[in-house]
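> I'd like to ask some things about the structure below.
Residue numbers (the working numbering): 9 to 252.
Now the structure itself:
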């Protein structure tokens, strides 16, 4: 949840990772095999539709009384926040909710979350398609930026269900691991600790699990959440955790 702290800063309640159920669903394959392919596709889209608008969500859980950001891992080395490109005419809120449904919600409608979209914490600009670099400001000589990317905090409910495409991993990564770690996470994700520093975090304890609820091992700082089937169904495989 979100509330105003007494000093005027925004307070965000962060719940333990053990409060949440994690499962998998059908894979969502990437459209591009390389950064070069992606930039070429984006260039064609720009010629048809104009500047690209994209949104990403910052979802927080806590482990060992420290905030962790949920990241999607593609392959062994690439990490991204859940989100993506807005459709022409689509609002940022509607578009981010749609992307969160696609990336993180179970296919079973009764288990899906009505995502709450909170504050915008960052705006990044792509000046060209020559490289994959975005800036947290619009360079003064750029009159026609190619993309505007906005990052929003997505406050999580006390408990909910996640279901991740089978070809991706959902990682819970602590802020201290992200901080200035550009080599591993890139310039935007590694700047999240600075973006989030204006918030006042309230860490809560865990909720006693329901008898049927699947446990997520909470002994490690960053975990791979990997489990067969939609959450809420009987499972044969266990959730696995791997340290970063």
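Cβ atoms here follow ideal geometry from the backbone N, Cα and C, with glycine treated the same way. Values in this document were obtained by computation on a predicted structure and should not be read as measured data.
Suppose you measure from the CA of residue 176 to the CA of residue 82; what does that come to, to the nearest Å?
Residue 176 and residue 82: Cα-Cα distance of roughly 5 Å.
> I'd like to know whether the C-beta atoms of residue 126 and residue 161 end up nearer to each other than 9 Å.
Yes. Within cutoff.
> Can you tell me whether DSSP reads residue 56 as helix, strand or coil?
Helix, per DSSP.
> Per DSSP, what kind of secondary structure is residue 97 in: helix, strand or coil?
DSSP places residue 97 in coil when its eight states are reduced to three.
> Thinking C-alpha only, which one of 79, 53 and 72 is nearest residue 112?
Checking every option, the nearest Cα to that of residue 112 belongs to 79.
> What first and last residue would you give for the alpha helix (DSSP H) that runs through residue 194?
190-197 is the span of the alpha helix (DSSP H), which, as asked, contains residue 194.
> Just verifying my parser: in three-state terms, what is the DSSP assignment at residue 77?
Of the three classes helix, strand and coil, the one that applies to residue 77 here is strand, per DSSP.
> Between which residues of its own chain and residue 48 is the CB-CB distance below 7 Å, once the five residues before and five after are set aside?
Result list for residue 48: empty, nothing under 7 Å.
> At the level of alpha carbons, what is the spacing between residue 223 and residue 190?
The predicted position of residue 223 is uncertain, since its pLDDT is 41 and thus under 50; no value can be drawn from it.
> So, are the CB atoms of residue 21 and residue 137 less than 9 Å apart?
No, Cβ-Cβ distance for residue 21 and residue 137 is not below 9 Å.
> How about residue 181 and residue 30: do their beta carbons lie closer than 9 Å?
Result no, Cβ atoms of residue 181 and residue 30 do not sit closer than 9 Å.
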